[in-house]
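Residues 10 to 384, numbered by the numbering used here, are exactly what the sequence shown covers, in order.
Just so you know, even glycine gets a beta-carbon here, dropped at the ideal spot from N, CA and C.
Note that the coordinates shown come from a computational prediction; the quantities given were computed from them, not determined experimentally.
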Amino acid sequence: MRYRATRRVTWVGIGVNLALAAIKIVAGTLGNSQALVADGVHSISDLATDAVVLLAARHAAQDADTDHPYGHGRIETAATVGVGILLLGTAMLIAERAVASLAGEVLTAPGVLTLLVALASVAAKESLFHYTRAIGRRIRSRLVEANAWHHRSDALSSIVVAIGIGGALGGVLTLDAVAAIVVAVMIGKVGLDLIWQSLRELVDTGLDRETLEGLRDAAQAVDGVKHVHTLRSRWMGHHALIDLHIQVGQRMSVSEGHRIAEAVRLTLLEEAPRLGDVMVHVDPEEDTDGGPSNTLPQRTELVGRLWRCWTGLAAMGRVEGLTLHYLGGRVHLVVTLSPAPAGVDGPAEAEALRDAAQSVPDVGTVTVVERVAPR
10 MRYRATRRVT WVGIGVNLAL AAIKIVAGTL GNSQALVADG VHSISDLATD AVVLLAARHA
70 AQDADTDHPY GHGRIETAAT VGVGILLLGT AMLIAERAVA SLAGEVLTAP GVLTLLVALA
130 SVAAKESLFH YTRAIGRRIR SRLVEANAWH HRSDALSSIV VAIGIGGALG GVLTLDAVAA
190 IVVAVMIGKV GLDLIWQSLR ELVDTGLDRE TLEGLRDAAQ AVDGVKHVHT LRSRWMGHHA
250 LIDLHIQVGQ RMSVSEGHRI AEAVRLTLLE EAPRLGDVMV HVDPEEDTDG GPSNTLPQRT
310 ELVGRLWRCW TGLAAMGRVE GLTLHYLGGR VHLVVTLSPA PAGVDGPAEA EALRDAAQSV
370 PDVGTVTVVE RVAPR
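Now the structure itself:
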């Protein structure tokens with residue numbers, strides 16, 4: 010849908026630019042107006058911009074793949090930089106022409122037809138600007154909006170031409186150059202803004218502080234979330250990507266923690282439609298500094314230590330489950346034992362197992378749970 014809308018509005022622009030370029034060059038040549046001919050060449054430059062938009066939109070619409078796991082949205086961003094550069098180039102050409110005019114290269118009196126063509130060009134390009142910008146805002150494409158401003162630059166250029174032709178017909182020839190310089194500054198500012206915004210995205214500038222605070226509050230309000238931290242964002246084309254850490258109950262099960270994380274993800278996607286993806290990391294405790302848990306042994310190493318210290322204990326053969334909780338720089342254990350055979354002192358065996366486990370380095374509390382035999 011988004012790609013089709015981009016393609017449709019761009020092809021409309023191509024058709025209008027082709028027609029205007031041909032009309033302005035022919036009318037300018039026949040009507041003795043170098044300004045109108047130059048404006049026709051300016052319209053031809055818009056065709057290059059349209060081609061960039063079509064190419065970028067086609068690639069940006071592709072789904073994520075192995076080489077581009079986050080999608081191809083940055084192609085659109087890079088192309089927007091190109092449009093901004095073209096706008097800057099257009100501004101410099103207009104300014105150069107205006108300065109040359111003030112230096113003495115004045116226009117000769119053109120025909121009245123050239124003035125009518127310039128005014129018609131203003132109307133056509135201004136209409137194309139509003140149409141393209143509306144589509145760009147609807148599909149949230151900065152590239153399409155950038156192309157709309159390029160249409161506006163052509164309309165402004167035609168206004169300059171119309172003023173220049175009118176001035177030439179009325180004898181005020183310098184009016185063309187003064188107006189051209191003003192328009193060149195306006196076009197240059199638009200080009201610089203587009204380049205600046207796109208470069209900010211390419212260097213992973215995130216969402217504004219107010220938006221991030223709103224997302225943080227929305228995540229914090231989800232049932233089961235104790236704290237939200239390390240909230241980061243970046244733009245990927247017309248979508249923003251978010252990753253954050255949430256703190257949940259310290260001894261919560263993996264499945265419940267995942268369920269809360271999924272609730273946070275869906276909440277944020279609903280809160281901000283421009284989010285493309287949300288990655289939620291679940292923490293059992295505050296870990297903004299990395300935490301001492303990073304130095305604790307992994308499960309395989311710790312279980313090996315426990316098995317060695319439990320060697321010879323009667324309850325070792327009844328160990329059915331071992332749950333590890335990495336909290337506060339220690340590993341806290343929950344050991345599940347099968348029911349003790351008849352005549353065996355189950356509590357005493359469990360106590361021996363607990364005491365041995367607590368002698369293992371890095372082990373914190375040890376809870377032994379003995380299943381009750383079915384009756």
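Among all the DSSP beta bridges, which residues are the ones paired with residue i?
| i | result |
| --- | --- |
| Q256 | H236, D292 |
| I251 | S242, V287 |
| T15 | DSSP lists no partner for T15. |
| V194 | Paired residue(s): none; V194 is not in a bridge. |
For residue i, does the three-state DSSP call read helix, strand or coil?
| i | result |
| --- | --- |
| M261 | coil |
| G285 | strand |
| G180 | coil |
| A36 | helix |
| V231 | coil |
| A366 | helix |
| G24 | helix |
| V312 | helix |
| T320 | coil |
| V381 | coil |
| V372 | strand |
| A30 | helix |
| D202 | helix |
| D298 | Because the pLDDT at D298 is just 48, under 50, the model does not fix this residue reliably, and the value given afterwards should be weighed accordingly. Coil. |
| N156 | helix |
| G173 | helix |
| L97 | helix |
| I148 | coil |
| A112 | coil |
| D163 | helix |
| L208 | helix |
| S52 | helix |
| G215 | coil |
| L305 | coil |
Residues in the same chain with beta-carbon distance under 7 angstroms from residue i, minus the five sequence neighbours each way, listed in chain order, please.
| i | result |
| --- | --- |
| R363 | V375, V377 |
| G175 | L124 |
| G40 | P119, G120, L122, T123 |
| A171 | L124, A127, L128, V131 |
| W319 | M325, L362, A365 |
| S368 | C318 |
| V287 | I251, R274, L277, L278 |
| L336 | Q259, P293, E294 |
| L216 | S242, A249 |
Among residues of its own chain, excluding the 5 on either side of residue i, which ones have a beta-carbon nearer than 6 angstroms to its beta-carbon?
| i | result |
| --- | --- |
| E135 | A164 |
| E379 | L346, G355, A359 |
| H254 | H238, T239, H290, D292 |
| G24 | none |
| T332 | V343 |
| G299 | Caution applies to G299, whose pLDDT of 49 falls short of 50 and renders its modelled position unreliable; the value that the coordinates give is listed next. Taken in chain order, the list of residues that qualify is empty. |
| A28 | none |
Give me, in chain order, the residues of the same chain whose beta-carbon lies closer than 8 angstroms to that of residue i; leave out the 5 immediate sequence neighbours on both sides.
| i | result |
| --- | --- |
| V46 | K33, I34, G37, T38 |
| H267 | V291 |
Answer yes or no: the CB of residue i versus the heavy atoms of the ligand PLP, is any distance below 7 angstroms?
| i | result |
| --- | --- |
| Q367 | Inclusion of the ligand PLP in the displayed structure is not the case, the ligand content being empty and no account of it being possible. |
Task: Completely contained beta strand (DSSP E) runs for the region 322-358, where each covers 3 or more residues - done: Runs of the beta strand (DSSP E) lying entirely within the region 322-358, each at least 3 residues long, are 328-336, 339-346 in chain order.
Open item on the list: Counting beta carbon pairs with one atom in the region 308-316 and one in the region 346-360, are three or more of them shorter than 8 angstroms?
Closed with: Verdict: no, contact absent.
- [ ] Report the residue ranges of all alpha helix (DSSP H) runs contained in full by the region 119-143; include only those spanning at least 4 residues, in chain order.
- [x] If we require 4 residues or more, the region 119-143 turns out to have no alpha helix (DSSP H) run fully inside it.
TODO: Decide if the region 116-132 is in contact with the region 214-223; the criterion is three or more beta carbon pairs, one per stretch, under 8 angstroms apart.
DONE: Not touching, per the Cβ criterion.
Task: Meets three-Cβ-pair contact criterion under 8 angstroms: the region 194-208 and the region 83-100 - done: Segment contact: the region 194-208 against the region 83-100, three or more CB-CB distances shorter than 8 angstroms; contact assigned.
Open item on the list: For the region 157-172 against the region 132-147, do three or more pairs of beta-carbon atoms, one drawn from each stretch, fall closer than 8 angstroms, so that the two count as touching?
Closed with: Yes: the two stretches touch, three or more of their Cβ pairs being nearer than 8 angstroms.
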